[in-house]
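Protein chains in written order, with this note's numbering: chain A, 1 to 281; chain B, 282 to 562; chain C, 563 to 843; chain D, 844 to 1124.
The beta carbon of each residue, even a glycine, is placed where N, CA and C say it ideally should be.
Treat the numbers as computed from the prediction; the structure is a model and nothing was measured.
Here is the structure we will look at.
Protein chains: 4
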Amino acid sequence: MENFVIQISCPDQRGIVAAVTGIMADNGINILDLTQHTASDVDVFMLKSVFEVPDNFNRRNFEEAFEPTALKFRMNWKIFSTERKERIAVLVSQTNHCLWELLLKHQDGELNCDIPVVISNHLINEPVARQFGIPFYQADYSQGKDEAEARIRKILQEYKIDLVVMARFMQILSPDFTDAWHNRIINIHHGFLPAFQGAKPYHQAWYKGVKIIGATAHFATSELDRGPIIAQEVINVSDRSSIKQLMRMGKDVERRTLVHALALYLDHSIFVHENRTFILR
Amino acid sequence: MENFVIQISCPDQRGIVAAVTGIMADNGINILDLTQHTASDVDVFMLKSVFEVPDNFNRRNFEEAFEPTALKFRMNWKIFSTERKERIAVLVSQTNHCLWELLLKHQDGELNCDIPVVISNHLINEPVARQFGIPFYQADYSQGKDEAEARIRKILQEYKIDLVVMARFMQILSPDFTDAWHNRIINIHHGFLPAFQGAKPYHQAWYKGVKIIGATAHFATSELDRGPIIAQEVINVSDRSSIKQLMRMGKDVERRTLVHALALYLDHSIFVHENRTFILR
Amino acid sequence: MENFVIQISCPDQRGIVAAVTGIMADNGINILDLTQHTASDVDVFMLKSVFEVPDNFNRRNFEEAFEPTALKFRMNWKIFSTERKERIAVLVSQTNHCLWELLLKHQDGELNCDIPVVISNHLINEPVARQFGIPFYQADYSQGKDEAEARIRKILQEYKIDLVVMARFMQILSPDFTDAWHNRIINIHHGFLPAFQGAKPYHQAWYKGVKIIGATAHFATSELDRGPIIAQEVINVSDRSSIKQLMRMGKDVERRTLVHALALYLDHSIFVHENRTFILR
Amino acid sequence: MENFVIQISCPDQRGIVAAVTGIMADNGINILDLTQHTASDVDVFMLKSVFEVPDNFNRRNFEEAFEPTALKFRMNWKIFSTERKERIAVLVSQTNHCLWELLLKHQDGELNCDIPVVISNHLINEPVARQFGIPFYQADYSQGKDEAEARIRKILQEYKIDLVVMARFMQILSPDFTDAWHNRIINIHHGFLPAFQGAKPYHQAWYKGVKIIGATAHFATSELDRGPIIAQEVINVSDRSSIKQLMRMGKDVERRTLVHALALYLDHSIFVHENRTFILR
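What follows is the structure in structure tokens.
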């Protein structure tokens, strides 16, 4: 059954929830789930609601009816149909535990999206994509970064991609790229940000002797490893672990965190305000 | 500043949120935080909202205006003022880590309640209560359980108690008592319910070789250790731990879980439906 | 490089470690890692050590030299070569997230074993096994349980299997079977044992309103869901989760816990004493 | 009963465990618990063992017998009696949840040490110390930092202090001080190091939108918040939490982490190598 999700954020004011849900009731909408939070430290109102609609529901009419209220409260708002699947492109290099995780979870029906294409700077993961019947393309960085990025962007366009997921893609995207895909590229960093930015986070962690390691899924921006954090997970590590063991243990955390972040995106649970996210479930 | 909290539960129907928030808007109310969830497995609608009111707000008028809507949707509902402090009585036996935790957290301003009395079947914790300036009474079970319970219930009445917290109180309350205080007695069980009901849960856990131990805060009912679960927390334990070490480690989990459950109660986040709770934050 | 692991358990006495490591030193052995623990609640001494050996090391001679000491202290003991890979058979029904996890982790080099065969009561997972080049057999329970088990046991024998892993195998093995494979069958139970034994543990958990769900890997015995627990993992769940969502979230915990238990087995970290394990790492 | 603990670290070589445990056996020692680990990434051998001794045991003789072996393997080593209580001074400013935690845990017999003195830059916590019968001194920083530190160091000397615990002491100790007390000052930092060094870590965390907050206990060195990490703990935080709520939730993590680190110190489980610790339990 087609349901809808509405996401609203705006400066905090009196009467927003009543105004919103009043219009919804006037249009025969039944709210299934609603979360509203005002981040008073930065004075931002946020609302997410899942709702079902009557048989004669006309989305365009509803959006027109909603528009004056949205203007009045200066809302950023958007309505999503649960039937409209986001189209995801996966970027991957050689390490493929995150790629496998995405494709298996998708196959299991746990990710409400389409994955029409996999792109890599290497050829090694072509068989993995093929086995799930997904077209695979190489963007060969050895021929130059600009060319490789141009190729990737062309493929994204051809496949009408909505969101890019970097599943351990070991190339740094240019600012042009990340700006064009603002808040539409999810990256998995194999460290607990904001600590351990940059290369070899497990080596950094081991030499610091930290007792907990983690992974961070975030939107990629032009500043490496500094985009808004979407999800983080951690595990306790014993000091009897070698660097190699940290890397191995970390892989489980990475794939779990990446899929979790993607699921939050697909649920429309992510709000972004001034380089941080608010997750409302 | 005085804010209010409304708690609503009822069978699921269309238009409840709009009806509720419409009346709120009509009365000049500003919603600060709202969580709505429908447990579709049992068809129960639940809503919790924190709101602020205009200067001329009259609570009684609002409640009267709300009543027809409540009747229409067959709501269980209640409004709480953040200025009205619940009055808590603490029952304790000899082990006092939970008592200390409650009194220190309360002193630190982290528990929005009054603790006007501490009651025990022993005298040993009288100095602890006294040091916080709280009257202490003994209910001497060696003189008979009926007399002891009668004394406790009399004290609860005298001190106009709203909620009883059993902070490692090692006597089993009679069904008469638990029925009279239905969903108003929070107990801490030092095991991960529903496993390890009854006595010596850490011994049970050790001999089973479980790898994780926990504590459970629940409403006390006439069925021992089977009332609705409010909060649970766990820790991983090494198999190199002795029973004694489990007991020691468990104490931290117990006090944390009990205080957490009490905070949920004081936030009006607990909904009870057919012997289970739903926590809505 | 071939290293060795020694596992010893016996009643606690003075001088065991010195006796053991003395013989090791006499044979030119270099200890890489050693953990010794005495469970004083049941008076059991346990020792696990990983060691490297000189070029001229003769395992048989060493074992002969060790035997008198073992007899003196009434030891259960065994030496394992890190080069000798345990041979694992996977039993699976229709749900295959645990099967995928095992095969991918194995392919990634994270499980030091061979997986020469997959057996199922259904045909649906044949393609999964085949894709990893692993022979697949059906044991058709619709033809009778005795016949199906006989077929399984014959296959285990043919493939010289050391350990059986039940990766969500939804048939109950007979006592004959579990006795014959005592402490050599690892099962994953999709609930937090000892609570939630038997069928539909996520339904049980939801209706109890528990705040944490978990999975348990244990040795299968003739008593359903009561064998020694090897590993347990948990996740916090929101009360806004449906039963279906619990089941989905639980799948991640299940596969993680099962692989973790298998890795402990392959590391020779599991000691069993009177229906509980001690994990020594 | 008096037991002993031995801590050994040295470059990795063959035969160390055998040599050590051989001497122990020759002296009638019974090993209760032994953990040995070689950190092969930095080639360091570490061993911790708890042992009981015969009635006629002479510690000095044993140490003399051990010395040649220690020299041969270039060991850092030390023997501790479980009867010799470390003498701890607590430094605290105004926030006192860590102070309370230390004193209550100590009173409960969970910390095997003496706490003969509490020192603060303020007077506000004098009643807390007094209630446990512990002398309290003020080191008034408003009179100058040098004078205040001189006073503290004098008190530490008078009370024959072994270890300083900074329980939310909000002054930065001078390099002279930290050098003089190298690896003998435990500080609690209210953030997850190495992220969030410096002031206001919860504000930093909130504005970064991290999903997990933590606390870090570490040895204080002349480089602020960069000394060897002893213990870390974390909690997941909801994005519906305000900065104030993060601070409140963080307090529980802080006190738990600090006491945990102190317990590790008192158990002689901490090894330090090149600015990181290895915890061997």
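Contacting residues, own chain, Cβ-Cβ under 7 Å from B:K441 (five flanking each side not counted): Excluding sequence neighbours, B:K441 sits near R368.
Near-chain C residues of the stretch 873-893 of chain D - C-beta to any C-beta below 7 Å: For the stretch 873-893 of chain D, which is checked against every Cβ of chain C, the residues closer than 7 Å are N873, I874, L875, D876, L877, T878, Q879, H880, T881.
Cα-Cα separation between D:T1064 and B:F477, rounded to whole angstroms: If you take the alpha carbons of D:T1064 and B:F477, they lie about 46 Å apart.
Per-residue contacts from C:R576 into chain D (C-beta, under 7 Å): Neighbours of C:R576 on chain D, chain order: N873.
Beta-bridge partners of D:V1077, as assigned by DSSP: D:V1077 pairs with D:G1057.
Given B:T350 as reference, the closest of B:T319, B:A300, B:E364, B:L383 once Cα atoms are compared: Closest in alpha carbon position to B:T350, among B:T319, B:A300, B:E364, B:L383, is B:A300.
Proximity test, Cβ basis, 9 Å: B:W487 and chain D: With 9 Å as the cut-off, B:W487 does not count as an interface residue toward chain D.
Minimum Cβ-Cβ distance from A:F196 to chain D less than 9 Å: Judged by the 9 Å Cβ criterion, A:F196 is in contact with chain D.
B:Q513: contacting residues in chain C (beta-carbon distance under 7 Å): Correct list: V772, K773, I774.
Residues that D:P1071 contacts on chain A, provided the C-beta gap is smaller than 7 Å: Ordered by position in chain A, the residues that pass the 7 Å Cβ test against D:P1071 are G209.
Buried versus exposed call for A:G109 [16 or more other C-beta atoms within 10 Å across all chains shown]: The residue is exposed, with fewer than 16 neighbouring Cβ atoms inside 10 Å.
Residue-level contact to chain B via CB, D:R1083, 9 Å cutoff: So yes, D:R1083 belongs to the interface.
B:Q419 (DSSP reduced to helix, strand or coil): B:Q419: strand per DSSP, three-state reduction.
Stretch pair the stretch 792-804 of chain C + the stretch 846-862 of chain D: three plus CB contacts closer than 8 Å: Fewer than three beta-carbon pairs drawn from the stretch 792-804 of chain C and the stretch 846-862 of chain D are found closer than 8 Å, and the two stretches are therefore not classed as touching.
C-beta neighbour in chain C for D:T1100, strict 9 Å: Between D:T1100 and chain C, the shortest Cβ-Cβ separation is not below 9 Å.
Chain B contact residues for D:R1091, given Cβ-Cβ distances below 7 Å: Near D:R1091 (Cβ distances below 7 Å), the residues of chain B are E391.
Contacts around C:G812, its chain only, beta-carbon distance under 7 Å, and the 5 residues preceding and following it disregarded: So the qualifying residues of the chain are H752, Y764, I775, A777.
When A:K72, A:N61, A:T21 are compared against A:L47, the one with the closest alpha-carbon: Looking from the CA of A:L47, the closest CA among A:K72, A:N61, A:T21 belongs to A:T21.
Option nearest C:D724 by Cα separation, candidates C:C675, C:N638, C:D829: Of the listed residues, the one whose Cα sits closest to C:D724 is C:C675.
C-beta atoms of D:R900 and D:G871 nearer than 9 Å: It is worth fixing the name first, because residue 900 of chain D is Phe in this sequence and not Arg. Contact flag set, yes.
Between the CA atoms of B:K353 and B:L383 - distance to the nearest angstrom: Computed Cα separation, rounded: 41 Å.
Three-state class that DSSP yields for C:D787 in the structure shown: Of the three classes helix, strand and coil, the one that applies to C:D787 here is coil, per DSSP.
Minimum Cβ-Cβ distance from D:M867 to chain C less than 9 Å: Closer than 9 Å to some Cβ of chain C, the Cβ of D:M867 qualifies, so yes.
Environment of A:S323 [buried if 16+ CB atoms lie within 10 Å]: This structure cannot speak to residue 323 of chain A, because chain A is shown only from 1 to 281.
Whole-Å CB distance - D:I962 paired with D:A982, under 8 Å assumed: That pair is a contact at about 6 Å.
Stretch pair the stretch 406-415 of chain B + the stretch 428-439 of chain B: three plus CB contacts closer than 8 Å: At 8 Å Cβ cutoff, the stretches do not touch.
Interfacial residues, the stretch 823-840 of chain C to chain B, with Cβ spacing under 7 Å: For the stretch 823-840 of chain C, which is checked against every Cβ of chain B, the residues closer than 7 Å are R838, T839, F840.
Neighbourhood of D:A932 by C-beta distance below 8 Å, restricted to the same chain and skipping five residues each side: For D:A932, where only same-chain residues beyond five positions count, the Cβ hits under 8 Å are I958, P959, V960, V961, I962, I998, L999, Y1002, I1004, L1006, V1007, V1008.
Spatially closest choice to B:R449 from B:I560, B:D460, B:F413, B:Q375, by CA coordinates: Measuring from the Cα of B:R449, the nearest candidate turns out to be B:Q375.
Per-residue DSSP class, three states only, for C:D605: Here C:D605 sits in coil by DSSP.
CB contact flag (A:F80, A:Q7, <9 Å): The Cβ atoms of A:F80 and A:Q7 lie closer than 9 Å to each other.
Beta carbon proximity, A:N58 to chain B, threshold 9 Å: Interface flag for A:N58 against chain B is unset, since no Cβ pair is found closer than 9 Å.
Under the three-state DSSP convention, the category B:L444 falls into: When secondary structure is reduced to three states using DSSP, B:L444 falls in the strand class.
Residue range of the alpha helix (DSSP H) that includes A:K200: Counting along the chain, A:K200 falls outside any alpha helix (DSSP H), and DSSP gives it neither H nor E.
Minimum length 3: unbroken beta strand (DSSP E) runs contained in the stretch 344-385 of chain B: The DSSP assignment places 357-362, 367-373 as complete runs of the beta strand (DSSP E) inside the stretch 344-385 of chain B, in order along the chain (cut-off: 3 residues).
Test: D:R1124 CB closer than 9 Å to a CB of chain B: Yes, its Cβ sits closer than 9 Å to a Cβ of chain B.
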